[in-house]
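First comes the structure, then the notes that go with it.
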Amino acid sequence: MLPNLKLQISNSAAAQLEKVLSRHPGKFLRITVMPGGCNGFEYSLKLDDASLPDDVTFSPTSTASVHVDEMSLDLIKGSELDYESDLIGAAFKLKNPNAATSCGCGNSFSV
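First residue of the sequence shown? That's 971 in our numbering, and the numbers climb one at a time after it.
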């Protein structure tokens, strides 16, 4: 696990992020928390190329970065970004210790 004060990024997530971003030069992963989903908030993970003034940047490797705006970071601070692969599929997952409840798919949560 790569240490970070507000967002942990697992080694598997860092490795997969590096693979994905190598195919998309100039892009980074953006994590945003928005109102919605079945529990009040939902995660959005997407590739982006435009930094925002309130972005906090996490760089798990020299060629990969994750940007999170300050408001979203307040809701996911202390979380771990992981990459999980199993028989059903593979995906980036946020393990959020601030979530009081979350849905079965793990894409929405409440605090």
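Idealized CB from N, CA, C, for every residue including glycine. Model, not experiment: these values are computed from the prediction.
C-beta atoms of residue i and residue j nearer than 9 Å
i, j, result
"Leu1064", "Leu1015", "yes"
"Asp1052", "His1037", "no"
"Phe1011", "Leu1043", "no"
"Ser1049", "Asn1066", "yes"
"Met1041", "Val990", "no"
Residues near residue i by beta carbon distance below 6 Å, same chain, minus five either side
i, result
"Ser1035", "Phe998, Thr1027, Ser1029"
"Asn974", "Residue confidence is low: Asn974 scores 44 on pLDDT, short of 50, so the model does not pin down where it sits. No coordinate-derived value is stated."
First through last residue of the alpha helix (DSSP H) which encompasses residue i
i, result
"Ser980", "Unbroken run through Ser980: none, as it is neither H nor E."
7 Å CB neighbourhood of residue i in its chain, flanking five on each side removed
i, result
"Ala985", "none"
"Ala1061", "Glu1054"
Terminal residues of the beta strand (DSSP E) in which residue i lies
i, result
"Gly996", "Taken as a continuous stretch (DSSP letters only), Gly996 belongs to no beta strand (DSSP E), as it is neither H nor E."
Nonlocal neighbours in the same chain, by C-beta distance under 8 Å from residue i, ignoring five residues either side
i, result
"Leu972", "Reliability of the predicted coordinates at Leu972 is poor, the pLDDT of 43 falling under 50, and the value obtained from them is presented with this limitation in mind. Gln978, Ile979, Ser980, Asn981, Ala984, Pro1030."
"Leu1022", "His1037, Asp1039"
* Asked: What are the complete beta strand (DSSP E) segments, minimum 3 residues, inside the segment 1017–1074?
  -> Taking only runs of at least 3 residues, the beta strand (DSSP E) segments lying wholly in the segment 1017–1074 are 1025–1031, 1034–1039, 1049–1055, 1060–1065.
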